[in-house]
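Q:
Residue numbers (the numbering used here), protein chains in the order written: chain W, 9 to 197; chain V, 34 to 117.
1) Count the other C-beta atoms from every protein chain shown that fall within 10 angstroms of the C-beta of residue 40 of chain W, then say buried if there are 16 or more, exposed otherwise.
2) Let me make sure I understand the geometry here. Which of W:23, W:163, W:133 and W:173 has the alpha-carbon closest to that of residue 151 of chain W?
3) Can you tell me whether DSSP reads residue 157 of chain W as helix, strand or coil?
4) Let me know if residue 159 of chain W comes out buried or exposed under the rule of 16 or more other beta-carbons within 10 Å of its beta-carbon.
5) Could you check whether the Cβ of residue 182 of chain W sits closer than 7 angstroms to any Cβ belonging to chain V?
6) Counting only Cβ pairs nearer than 9 angstroms, list the residues of chain W close to residue 51 of chain V.
7) Quick check: the Cα distance between residue 124 of chain W and residue 184 of chain W, rounded to an integer number of angstroms?
8) Express the C-alpha separation of residue 171 of chain W and residue 94 of chain W in angstroms, rounding to a whole number.
9) Pick helix, strand or coil for residue 53 of chain W, following the three-state DSSP scheme.
10) So, does the CB of residue 154 of chain W fall closer than 7 angstroms to a CB anywhere in chain V?
11) Starting from residue 87 of chain V, follow its DSSP beta bridges and name the residues at the other end.
12) Using CA atoms only, rank isn't needed, just tell me which of V:41, V:55, V:42 and V:45 is closest to residue 164 of chain W.
13) Less than 7 angstroms between the C-beta atoms of residue 72 of chain V and residue 65 of chain V, yes or no?
14) Are residue 180 of chain W and residue 145 of chain W touching if we call contact CB-CB under 7 angstroms?
15) Comparing the C-beta of residue 158 of chain W with each C-beta of chain V, is any distance below 7 angstroms?
16) With a cut-off of 8 angstroms on the beta carbons, I'd call residue 109 of chain V and residue 40 of chain V a contact; round off their distance for me.
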């Protein structure tokens, strides 16, 4: 069929070009390896036949952690420090029952999994990120459950819990940012 | 191990109080380290990083963790001679 193709065509279409290229291939059976800028042949190395670096599929048997009842307050009303809980509190609610969408920007790395960021309302938050390819959501959900369990201590001896969710490929836990005066840094022994 | 802290008895008391409050709600922190204890300018204390924590642990585990906190405080006082 390539014999019928006019090479000096001034109105090539994709189909005509495919015919033309197939004609060239039929005429030239020599190998044409990919070359670099110096004209040396380059070869793509085959991936190792292991799944070590492959993304891990989340465990299908993973069960979400059991949500515990809220702690019994010692006669004092629970302080409601988060805007999420300004209304009537439903004790059966958990940290992930109320969907919300917040934009976190200006992330600054603080070390380990910790980041400092700014929410779309201008408030500074502490963000803890887990690599979603390596770590199941159970890690962040467990920590969120614990913070939820300690909600009457938010803003006093534990940071206020703001939210839990996904940020790109990461699981993210948002907490109120704590201005620190002292940090316990190990000295050189 | 020595820690570079401006340590005062008030900070030590606040650390103990913070862990007592957390334990009273049935939470074992599980990773008591100086890096997980933040001190605000007013010397109040915030405990962070509950990734290793347990909900409703045995009472013995809570007592063991409190001993761990006291050992940590003792190491501060021993290294700096401030806390007693």
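Ideal Cβ placement from N, Cα and C applies to all residues, glycine included.
All figures in this text were calculated on a predicted structure; none of them were measured in a lab.
A: On the basis of the data shown:
1) With fewer than 16 other beta carbons inside 10 angstroms of its own, residue 40 of chain W counts as exposed.
2) Out of W:23, W:163, W:133 and W:173, W:173 has the C-alpha closest to the C-alpha of residue 151 of chain W.
3) For residue 157 of chain W, the three-state secondary structure derived from DSSP is helix.
4) By the neighbour-count rule (16 or more Cβ atoms within 10 Å), residue 159 of chain W is buried.
5) It does not; no Cβ of chain V falls within 7 angstroms.
6) Under the 9 angstroms cutoff, chain W gives 161, 164, 165 and 166.
7) Distance from the CA atom of residue 124 of chain W to the CA atom of residue 184 of chain W, rounded to whole angstroms, is 10 angstroms.
8) Its pLDDT being 43, under 50, residue 94 of chain W is placed unreliably in this model, and the coordinates cannot settle the point.
9) In the structure shown, residue 53 of chain W adopts coil according to DSSP, grouped into three states.
10) So yes, residue 154 of chain W belongs to the interface.
11) In DSSP, residue 87 of chain V forms a bridge with V:61.
12) Comparing Cα-Cα distances from residue 164 of chain W to each of V:41, V:55, V:42 and V:45, the minimum goes to V:55.
13) No, these two residues do not count as a Cβ contact at 7 angstroms.
14) For residue 180 of chain W and residue 145 of chain W, no; Cβs fall outside 7 angstroms.
15) Using a Cβ-Cβ cut-off of 7 angstroms, residue 158 of chain W counts as an interface residue toward chain V, since at least one Cβ of chain V sits closer than that to its own.
16) The Cβ separation is near 5 angstroms, so the contact holds.
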